[in-house]
Structure formats: C-alpha cells, structure tokens
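Protein chains in written order, with the UniProt record's numbering: chain B, 1 to 754; chain R, 1 to 754.
Here it is in structure tokens:
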C-alpha cells in the first residue's frame, strides 16, 4: 500500500475536499451573479435580497442611454427571462418523463441480461481478473450494474437541469449588465458559466467517489467485480446525454430554423438552454464518467489494482480533483484579474482561459503522477504485460490535454470571424447562397485534418506508453479542465440568450452591438466546446473499446476477417443514418414552426406592427412535441445497435461496428460542428460590419447577407443537433458494448451459430 | 490442363471474338447515329455520306412545328455542337499534356522503387508464390510493371477520349431527333451511349488479354511474376481516371455553377463531356482493370494457378466476355424491340436495361463457371487453404451482380422525382433554400443505408465462399454488365447536352419539354451509374487490399494495434480532406466564372437581348485553367499518401489507412452523389410541373423554384466532382499500395525504425 507518496487517507480527503471547494466556489459565483437585480426596485425576480449595493440598479445610470433607463425595460427583460425559464423547465420535465420510462425499461434489461450470464462469476469459480480470489455471483454484477446505471442517469439529469436553471437565471442579467459595458456583461456571463462548470465537475466526481466507496463495502477486495459494475455509471450518464442532446438539439434547432426564417420566437431561446446547456452538460458529464470508468476498469487489472493500492487505483479521480483546482485559479483570470474593455478582447480572453488551464494542468499532472502513482507498475492488456513508469502516465495525460488545446485552437481558427476561413465564406455570399454553402461545407471538411492528426498522435503516444490505460488517461487529460471547458461552453448560449432578450426588450442599438459581440465569441467557443467533446469522445470510445475487447475475450480485431470488416463498414455508415434521422427531424419540426409563425402573423392583429404579443406557448409546444417524438428513432438506433449486433452477429462483428462508427463519426461530428459555426459567424461578420471588407458585404438585408442567413439556417441542425449528438453515439455504443460484453460473449452471435 | 470443360484453345478464341463482336456492334450503332443529318442538305458535319433515307431530313416534317423547320435551326445546332466538341477536345488535350508529364514521372518512380527491392526475386532465390520455381530478377518486375502502368494509362486515355468524341457527335443529333418524338430521341441518345459502352468494354478486355499473352512470352510459367507485373495496368488506368474525374469534374461544375447562377454558357456542355463522359469512362475502365488484376493476382496463387490451367486462370476475362454478349442482347431491348411513346416511359426503359442484363448475366455466369472452372480447386490466402467449388464462385459473381442491381434501384428511388424522397425535397423548397438543403443532405445520408448493407452482405457471402478471390469476382460481377452500365451512364450527359443545345438553338417549348424529360431521366441514371461505380469500387478496393496485405506479408490487420488504428482514423479522414480540396476548387472556379459572365453582360452590347454572341472562348479558358491548376493538389494527396505512409510508417499503418479510407469514403461518395442527384431532380420536378403537387411549387421563377436552383447548384460539386472522385481515391490508394507492397515491406516504416 505504501508504494505511492500520497497515503490512502490523503486520497480519501483530497477528492471530496476538492469537490466541496468547487461547489463552494460555484455558489459564490452564483451569489455574485444574483446581485444583478432583475426588478427595478429592491427584490429581484428570483427572490434574492442582497440590497442595491455596488452592482445595484443605481449604477446603471453611469453609461445609460437616452430614454432607455426606465423600469419598463428591466421588467420586460424579467418577463422574457421568466418565459424562457418556464419553457425550458417544462420541456425538460416532459423530456425526463419520457426518458424516465425508457431508463426503467433499460435498467430491467441490464438486470436481466447481466443476471443471465451463467458460467461466470459463480462463487465456485475463480475470479477472472484475479485468479487467486473467488468472484461474487452474477446476480451481484447485475444488481450493482443496474444501480450504477440508474445513478449515472440521475446524476446526468441533475447536471443538465442545474445548468439550465443557472443559464436561465443569468441570461437577462447579462443583458442588463451590457448597459454598463461589454466587460461587465462578459464577466456576468462567464461567472454564470463557471457556476455550471464547477457544479457539474464536482457533482460528477463526488457521486462517483461515493459510489465507489459504497460498492466497496460489498465487494471488499474484489476490485475487478467492483469496477466492472461501475461501468454502468458511464452507460447511465451517456444514455441520458443522448436523449438530452438529440431531444434538446431538435428542440432548439426547430425553433431556431423557424425563427431565422420568419421572426424571432421565444422557443429559440428556450432551445439554447435545453440543447446547448442541459444537453452539453449531460454530454460532457457522460464523457467524464465514461473515461474515468474505462481507466478504472483497465487499472483494476494492473499490478496496483491486484495489490489494492487505493491511491494509485483512484489516480484518475485525483487527476480530476486537481483539474478542478486548476480551473478555479484559471477562472479568476477571466473574472477578477482582468476586465475586458473592448469587444475585440472577448475572444482572446476566452482563448487565454484555454491556455492558462492547460499550462497549469500540465504542472498539476506532473505533481499528481509523482505522488499518486507507484514509480513503476505493470499493466495487463490483451494478454500481454507492460511495465509502465509514472512519468509515462503523466505524459499520456499531458498529451491528451495538449491535443485538446490544439483541437480548440484549430476550431477557433476555422469558426471565428477574426480569421480568413470564415471571412472567405462570408465573401462567397457575394455570389449567393449556393457558393456560401459549398465554401462552408468545404471549410468543415478541411477543419477535420489537424484535429484528426492531433488525436492520432495522442493515441499513438499514449498507447505506446501505457496501452489502453494510456488512452483512457489521455481522454481524462483532455477532460481534466472540464470545469473551464463547461464555463466557456455555457457562456455561449447565455450570451446568445442575452442578445435575444436585448432584441425582444427593444434595447438600444449600442447595447445590442455588445450582446452581439458576446454572442459571436460564444459561437466560436461553442464550436471549441464541441471540438473538445468530440476529441475526448474519440479517446474515451477507444478506451472503452479496448476495455470491451478485453472483457469480451477477443484477442485481435482483424480487419481481414469478413465478420469484422462488414462490422467496420456498417459501423462507418451508422453516423450517416443517425444524422439523416436527426436532420430530417429538425427540418420537419422547422416546417411546422414556420407554418405556425405564419399563421400567427396572419391571424393575430397587430403582431406584425409589434403591438400585440405572439402566442409563445403554441411555438414552444410545437418544438416540445416534435423533439419528444423525434428523439425516439435516433435514440433507439444507438441503443439497440450494440444489442442487435452483439446478439445476432457476436462480439467480433460488434468490435468492427464500434471501430467503424468511431473513425467515421468523429469526422462527421467535427466537420458538421465547424461548418455550422462558420456559417453562423460569417453571418455575424456581415452584420457587424467591423471591417472594410465586411461592410462591402452588408448591411443586414443585403443580398450577401440573405445568402449568409441561409447558410446559418442550414448550419443549425448540423452544429447543434446531428454533429454534437454523434460523439454520444460513438461513446454510448462503446460503453453499452462494454457493459454487455460478457453477455454477448456467452450468448451472442446467434446468426453465425446456425 | 484438362480440368475445365472449355479447352485453352476455346478461351484463346472466345475472349478476342467477344471483343471483336462488341467493337463491330459499337460501329454499327455509330453508323445508325450518323444517319441523323446535321446539315440541312446532304452531307452531315462529320462528313458521313449515307444519304437522306428513312431517317433523313425530309421525315422531320411529320411532327414539325410552326416556323421551326428552317435550315437555320439545324445549322445553329451544328454550330453549337462544333463549339462543344472543339472545347472538349482542346480541354482534353491540355489535360492529357499535363497528366502526361506526371505519368512519365510516376512511371520512373515505379521503375526505380520496384527495381530497388533487393533480396527478392533474384534468380538465386525460389519464387515466393511458387517455391518450386525460381523467380525472375527484380528488374523484370520493374520493367514489366512500368510497361503495364503505361499501357493502362494509355488505354484509359483512349477510352475517355473516344467516349467524349461519340458524345459530342451525338448530342445535337439527339436534339434534332427530339423533333420527331421523344422515342426517336431516346433511341439516338441510347445508341450513342452504347457505342461508348461497348467500345470501352471491348477495348479494356482486349488490351488486357493481349498484354497477358505478350508478357507470357517472357514470363513463361512464372505466373506469379506475370500477374504481379500486370497490376501496374490497374494503377495506370486509375491514375488517369483520377485526373480525368477531378479535372473534368472541376471543369464541368465550375461552368455549371456559374451557368446556373447567371446564365447558360457553352462551357457547361463541354464540362459534361469531359467530366461525366471522359471521366466516367476512365473511372469505370479503371475499376474493371483493377478488379480483373486483383482476381488474377489472387488466382495465380490458387491450385489452378500453380498448375497453369489457362482457362481457369482467365476465368475473370471470360466472365467479362460473356458480359459483353449479354449487354449486346440487352441493348436491343432499348433500341430495337420497343419504342418509347411517352416521356413517362423513359425511366422504366432504362430500369428494364438493368433488370434484363442482370437476369441474363446470372444465367451467363452459371454457364461460364460450369465450363471455365474446375469443379473444385484450392485458394491459398493469408496463409490458409480453402477448397472452393465452381458453383460457389458463380454465387460470388452473382452476389456482386445483384448487389449492383439493388444499389441501382435504391439510387433510383432516392434520386428520381417519381418517388416521395425527391418530392419531399421539392416540397421543402416551399420554406426556402435552407430547408431544401437540410432535407437534401438528410436524403443523401439516408440513401447510404441499404447500399452499405448490400455491399456488406456481398462481402460476407463472397468471402465465406472464396476468400479474397470471391471478393474480386463479386466486384467483377458488379462490373460484368459494364457495357450496359456505361451506355446508360453516357445517355445522361448526351441528353443533358441535347437539352442545352435545344435551348441555345431557340427550339420550341414542346421540343424542350422532350429533351428535359430525357435529361431528368439522365440525372437519375447518372446517379445510378455513380452508385455502381462506388459499389464496385468498394469491392475492388477490398480485393486489392487483400492482395496488398498478402503481398506485403502481413498476416493480420489488428485494429487494437495503435499503428493500425491511427492509420484507420487518418484514412477515414482522407476523403474529407480530398472533398474539401475539390469543393473549394469548384467554388473558386465558379466565382471566377460568375465574374466573367457578369463582365460580358456588362461589356458586350446586345448580349442581354440575345442579339450578340457571348465570348465562349474566355469562359472555356477559365474552366480549363482552373481545373488544370486545381486538379494537382487533390491528385497529389491521393497519389502521395500511400507512398508517404508506406515509406515513413510502414505496411501496417498503410493497411489501416486503406481500410479507413475505404469504409469512410464509400459513405461520403454515395451520399454526395445522391444528394446532388436529388436536388437536380427536385428542381426539374418543379420546372416540369407534371403533377398537381409540382404545380403548387412552380412555375419557373417562383420562390420555391429559386430555392430549388440553389440546392441544385450546391449539389453540382457534390455529385459531379467530389462524390465520384472518391471512389477513385479508395481504389487508387489500394492499387498503388499493392504495386509498391514489396517495396514498402522491404524499405518502409522508417519512422518506427528510428
């Protein structure tokens, strides 16, 4: 036990301590955000009662503009925010109700399937991972896997819901702060993002930590069994994420496509909160849970796993704990150490966050690896042994971390309108929507190149050093700064909403310019966030794939075997099938939305002139109904494919399917996200007219601008529905295969058995 | 030798006889086409002098319309045809000049690399394929590979050039025949397509047959060495096809995108002939050459290869010979047994061609397999032996053949405006270009599903029966009806051109309706042709991949090995990189074209009113310059990747790259082709207004129609440049790897050796 510098008791303290610090920090940020008042007088709409001090209402007068500083604007903002929050809450409750039914059914399936794996794990047989011990019966695996699946699902739901609550609390406050200047508004938006980032990171870490400790009460020294059951946690997290992403994605984009076509509706803003916030929260939580589980499973068959060295075993969780601390310091650079003075400084400030967190984390990883790992240990993988040094593991984590930074930078380059790619796309609007679309698609395809090389190098280096444990740790490395990543991510939709609220509340041109600038940076950061999500998903899936293969008892996945090759081919097709479903869903829902909005313009007198209020409820209902109905087929495709392939074709074909969907899905996901982001910012580039070139394309309403709007609308389902759902597709199929691996190995492959 | 029912002498007669019959048939069709006069009096513009008999000018009067039966229309058509033919010829000569330089350089590379593989093939060592014999020195392999490479390149060039000549000879004749009725015009277009189909099929077969016989003079009984050298033929064919497709594709689409935006230019028609005709001809010739070579290489290490059974060895060529005869009979069903009366009958007639040829060929394959193969033989593959019955090989060919038919039907379903998918896309134009693009992309993604399953089943069945020989024969099965496939394919651009000529010559609405109907069917058949090309390319690449792996001495391609996995990941990215390049090229060239056309409208007085002639030459020059310049980077990417990966990373990573690009490229290629085809036909659906639904969307110039035009323009580079080039990408990388396999195995993997 004494092989690591950090004693077990230190680990037992460190992990919960970091989680609690993060939660405290998140609450502090929330408190600061709540000091922006949403009611003209004293009490704000959320009921907080912190007086009208330094950040209070009186100060608005400093930069206030003619005639806008009246109570009615603030009240209008509060009204709109309430409508958004209500819409989002009601959607999420509806969604969770449907998904809840599915979760219970799937939990039953897990219980049945895993409970039926006979011949393994009965107490009369030695444990596979540790032949000196006897394993618990199969029933235990079934029960504990089911429990951890449910826990993962619930944690994922809570994460998404909390994020949504925070975002809908912050959006109008950001709008109001924009009256004091772009810097103030930025800080509020970023702080709110940080609340979400830190709550989620701490939540995920803490629940996993407690679960491990509770399961240990039953499993005792059978760590193989323990960490086999814990993979259910990842499956639960990602299943929820899938529905959150797909349902939320269809919701937001149905509303957005509709809105861009015939006018802004409230559903668009609701959509951002349920899709980009709740969905993204669940998604990244899923990645985090899965990469930790993958690392733990592989670690349980290492030398320190067999010797039960607690600190070394929990190394993945310690890395995440330190990551939270690093992100905490990083956040201060955005919110307290500097204040932005100009719209041009927004993107650099966000980029600085990425750089600072990566550099600090590199140091952190070095320290953690030094104190929490034995200087040398053995990994057992695919029937071979590999001696690994602690500095090699540190390098694995670092390579993932830096690959993430590279992906982030490349994504920024291709989606920010500060660089030539987006400017070229904007320029192509000169000759119409068609060239805009062609250039945008080409940009997305091109943006895949460097990230793929970065991931490939990451995989090669980390695998060479520490086999599948290295891959899992590289994935965790990319996700170690998840709190900052999520803060940046959440910043985007909050700013987007703030802009929407400013517009609907009829605020001045100057304020809307500020919120637009925040929003444009948000589009870029959203693309960066998706880049991280996809990159980490690729590594996570590979790690899960490795764990699956070793649990299914396969020694090679040979492309030359026809069973594997057809799996590879069909697997590479799945992302297309999935995208076809989700895009068609968005298209159909958008059609309905457009018709509804047109109907309202025709039937509600005074709506066109702005004197009457549109019927938000019906629009929200259309989006809700469409997304609930339409999320089922793609969800079923992803959840059922591993089951069908595993049962009918067996573990080999399934391994081909996993590899195929991984290598093909990553490409579509990256290109779709970046194409969409680029179109959105090309439009914003023309609208903002910040350069000589941009002004020749504008103003709003010009032919090039119209072409840019078409591109933006096409990009919506690409960047917010099909693209970001694809990384869940590849992760989820991998983790599901891992959970059912033994079942497939025992009962699967029916078709080839005939 | 006597193991087959067909004696060697029978084979020696059958193959050249079938080729000569096909050539005679093609010439007969040409003669019939030439009887449509392009000059009002007697002599037609091509100088043929077959009098003005049954098909002569006088008969036009029967269905002639008011005021259009004047000499000037015929002269105008002849003029336009001349301009198109000149443009196409001049472009192809320019292209071939540049590609020629490349070919010589690459031939030198082949010679150097293959000549440098020491330690193998020296006369003091036993032959690897047949340890009982001594191999010829490496120099022989180098020389003969280089020769067969050059031969393949030249045959490919001749095929493409001939196709273009025929198409530019037939287009105006189709226009003129349209005056007599849609049936007559269809027959002329189809006959012209058949000229190309039969000439190409016969040409490919005959050259390969003669080459084998000539090489045999040197190699004698060393069949392993002979068929190793012959793979250069496939490489030469596909290299030319790559440049033909990419260059031609950029050319045609630069012109077409430009044309759709600001008016019709002659370059659009030239483009169809150099891209869809010459490019497609080279492409399918390449597939044919490669699958035959792959089958021959694998067969040379079978029991009949080792025993030198000539007939069994040449079984792949015999299948193609019988395929030609089958296609000959099939063609008569389109041109002589029936005549189309109504525009609605065009698509069924073309579909009938597919069905008839498939059914007849199934019978043909059964007979050929019975007489030309031993009833049972042994295949040596990846170190194992496999006993194969002749009926199993017949099933392999048949499964490829029928998989092709399924792909054809699915493609038709998704791209023809007779079915709901395209009608849904057209309907989505109601809400603008954005929904049109979203629906179109989703349609393309969805259209991938069934073809992939068909290919997967084909692979599984044929591999189970006869390992890699089965895969190669399945590919050849899909290509066995290549003459009909090419005829259908060539029919499309000819009809497209005919419509363009009718428009430019100012022919009546009624005639243009007919040519439009021919053209709409042509869009569908073009998509079907691409489906075939992609499906067969997938099988061919897999067969080549198998041959490569066995020649490189790899026994397994294990996805779990990081070397292979990173190859897989990067390989799956290559089609995106390639597509980004080609699409961006089309976009840039189109931008230039649009500017030029706008310039002409502004500077040439009377052009807008149609009284002045546009400056065709400058437009043609823009397309030419752009395509020559822009075809180099994507061409280099494809040609250099196997060399770089093989030399730096070695044969294992290269095998990953090949598998990755194969499984990823197939999907993009199919979806791009079908998306483009669907958009084109959605536009035509609205324009034709043939149903109640279609009329609510039209007429030409309505908002939905404008949205449809945008979709069509975006689809152009997808369906005619990047999509169909991708199948060459995957084939070419595979055949190149095969040719250099021994070199890489000996000298490659420098980076991992350090």
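Even glycine gets a Cβ: it sits at the ideal position worked out from N, Cα and C.
Item                                                                                                                              : Value
Reduced DSSP category for residue 119 (chain R) - H, G, I as helix; E, B as strand; rest coil                                     : With a pLDDT of only 41 at residue 119 (chain R), under the threshold of 50, the placement of this residue in the model should not be trusted; the figure read from the coordinates follows. Of the three classes helix, strand and coil, the one that applies to residue 119 (chain R) here is coil, per DSSP.
Cα-Cα separation between residue 584 (chain R) and residue 637 (chain R), rounded to whole angstroms                              : 15 Å
Environment of residue 701 (chain B) [buried if 16+ CB atoms lie within 10 Å]                                                     : exposed
Min CB distance residue 565 (chain R) to chain B below 9 Å                                                                        : yes
Interface flag, residue 498 (chain B) vs chain R, CB-CB below 9 Å                                                                 : no
Per-residue contacts from residue 577 (chain B) into chain R (C-beta, under 8 Å)                                                  : 445, 446, 448 and 449
Min CB distance residue 682 (chain R) to chain B below 9 Å                                                                        : no
Endpoints, alpha helix (DSSP H) assigned at residue 399 (chain R)                                                                 : 390-415
For residue 448 (chain R), three-class secondary structure by DSSP                                                                : coil
Close-in-space but distant-in-sequence residues of the same chain around residue 394 (chain R) (CB under 6 Å, 5 per side omitted) : 365, 366 and 369
Among B:399, B:550 and B:533, the one whose alpha carbon lies nearest that of residue 474 (chain B)                               : B:399
Beta-bridge pairing of residue 377 (chain R) - partner residues as DSSP gives them                                                : R:388
Meets three-Cβ-pair contact criterion under 8 Å: the segment 721-733 of chain B and the segment 539-547 of chain B                : yes
Any non-hydrogen atom of the ligand MN closer than 8 Å to residue 475 (chain B) Cβ                                                : Ligands displayed in this structure: none; no statement on the ligand MN is therefore possible.
Chain R contact for residue 279 (chain B) (CB, 9 Å cutoff)                                                                        : no
Rounded straight-line distance, which links the Cα of residue 621 (chain B) to that of residue 78 (chain B)                       : 22 Å
Whole-angstrom distance between residue 593 (chain B) and residue 617 (chain B), CA atom to CA atom                               : 12 Å
Rounded separation between residue 454 (chain R) and residue 569 (chain B) - CA only                                              : 11 Å
Exposure of residue 238 (chain B), with buried meaning 16 or more beta-carbon neighbours within 10 Å                              : buried
Three or more C-beta pairs below 8 Å linking the segment 314-326 of chain R and the segment 447-467 of chain R                    : no
For residue 287 (chain B), the three-state DSSP class (helix, strand or coil)                                                     : helix
CA nearest to the CA of residue 103 (chain B), picked from B:725, B:116, B:632 and B:655                                          : B:632
Whole-angstrom C-beta distance between residue 446 (chain R) and residue 724 (chain R), which should lie under 8 Å                : Between residue 446 (chain R) and residue 724 (chain R) the Cβ distance is about 19 Å, and since that is not below 8 Å, they are no contact.
C-beta contact flag for residue 564 (chain B) and residue 663 (chain R) at 9 Å                                                    : no
Cβ shell of residue 710 (chain B) (< 6 Å), same chain only, five flanking positions each side left out                            : 433
Per DSSP, the bridge partner or partners of residue 302 (chain R)                                                                 : R:379
Chain R contact residues for residue 268 (chain B), given Cβ-Cβ distances below 8 Å                                               : Neighbours of residue 268 (chain B) on chain R: none; closest Cβ ~15 Å, over 8 Å.
Residue 524 (chain B) vs residue 489 (chain B) beta-carbon contact at 9 Å                                                         : no
Residue 519 (chain B) - DSSP class collapsed to helix/strand/coil                                                                 : helix
Whether residue 298 (chain R) touches residue 472 (chain R) by CB criterion (9 Å)                                                 : yes
Closest residue to residue 288 (chain B) among B:76, B:234, B:746 and B:350 (Cα-Cα distance)                                      : B:234
8 Å Cβ cut-off: residues of chain R touching residue 660 (chain B)                                                                : 663
Cβ-based contacts, 7 Å cut-off: residues of the segment 696-730 of chain B near chain R                                           : 710, 713, 714 and 717
7 Å Cβ cut-off: residues of chain R touching residue 587 (chain B)                                                                : 428, 435, 438, 439 and 442
When B:707, B:143, B:94 and B:698 are compared against residue 439 (chain B), the one with the closest alpha-carbon               : B:707
Sub-9 Å separation of residue 163 (chain B) and residue 250 (chain B) beta-carbons                                                : no
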